[in-house]
Amino acid sequence: MGYVEVWSSETAGTFDIPFRCAQCGHATQARVRAMGHARTAIEHHRVEAMAQQAAYGHAFRAVTESPCPRCQGPSTTLAERMAEWERKARTRKTLRLALGAVGLVLLFASSAGCASLYDDIAQAGPGVGIWTTFWGVILLGILLLLGPGKSPRRQASPWVQFA
Ligand SMILES: [Zn+2]
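Numbering (the working numbering), first residue to last: 65 to 227.
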């Protein structure tokens, strides 16, 4: 077997990113310095371009997450991302509630089924306790994983300079 060569590239650049405020409509540009890093084992001929792309991504994010220089409002891009996050959070909440209810029913049904396997109650206690805890933790983990994640929010970056 041969070895896999990993190509890596790092780049830094200055980008001009347009900014439009979702609150007061102020449209401007911001200049931001950003770094990008890329690693690839396959597309080595593109590693420079990938690093450049990563740098642009960081720059775009830094500018669109900045508050409006006039009114501190969010950019249109961030406002869209926030709205999308809220939509996702709402549907995920419904899904989690439904799944949680089904999970709880299954958990109790299986715990009861498990308890009936034992002849006397004193013996059943620890076994059923472990069973319930084990599946309870798994159910909780699944519900947490289904969460919408961190909400996007405004944050000023020292690297962003508005025109
Ligand atoms: Zn504004």
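All C-beta atoms in this analysis are idealised placements derived from N, C-alpha and C, irrespective of residue type, glycine included.
What you are looking at is a predicted structure, and each value in this text was computed from that prediction instead of being measured.
- In this structure, the alpha-carbon of S175 lies about 41 Å from that of A147.
- Look at G77 here: in three-state DSSP terms it is strand.
- Residue pairing by DSSP places V96 opposite F79 and V224 in a beta bridge.
- Straight-line measurement puts the Cα of Q87 at about 42 Å from the Cα of E107.
- Here the C-alpha atom of L163 lies approximately 39 Å from the C-alpha atom of T104.
- Across the structure, A179 and A188 are spaced so that their CA atoms are roughly 6 Å apart.
- Excluding the 5 residues flanking it on each side, T128 has same chain C-beta neighbours closer than 6 Å at S139, T141 and L142, in chain order.
- Put simply, of S72, I206 and R95 the residue whose alpha carbon is nearest the alpha carbon of A165 is I206.
- Judged by beta-carbon spacing, A91 lies beyond the 9 Å limit of F79, meaning their Cβ atoms are not closer than that value.
- In the DSSP annotation of this structure, Q87 is not part of any alpha helix (DSSP H), being labelled neither H nor E.
- In the three-state scheme derived from DSSP, where H, G and I count as helix and E and B as strand, A102 is classed as strand.
- Under a 10 Å Cβ-count criterion, I81 is classified as buried, with 16 or more other Cβ atoms of the shown protein chains found around its own Cβ.
- A residue is called buried once 16 or more other Cβ atoms fall within 10 Å of its Cβ, and H122 is buried on that count.
- In the structure shown, the three-state DSSP call for S130 is coil.
- By the neighbour-count definition (other C-beta atoms within 10 Å, threshold 16), A113 is an exposed residue.
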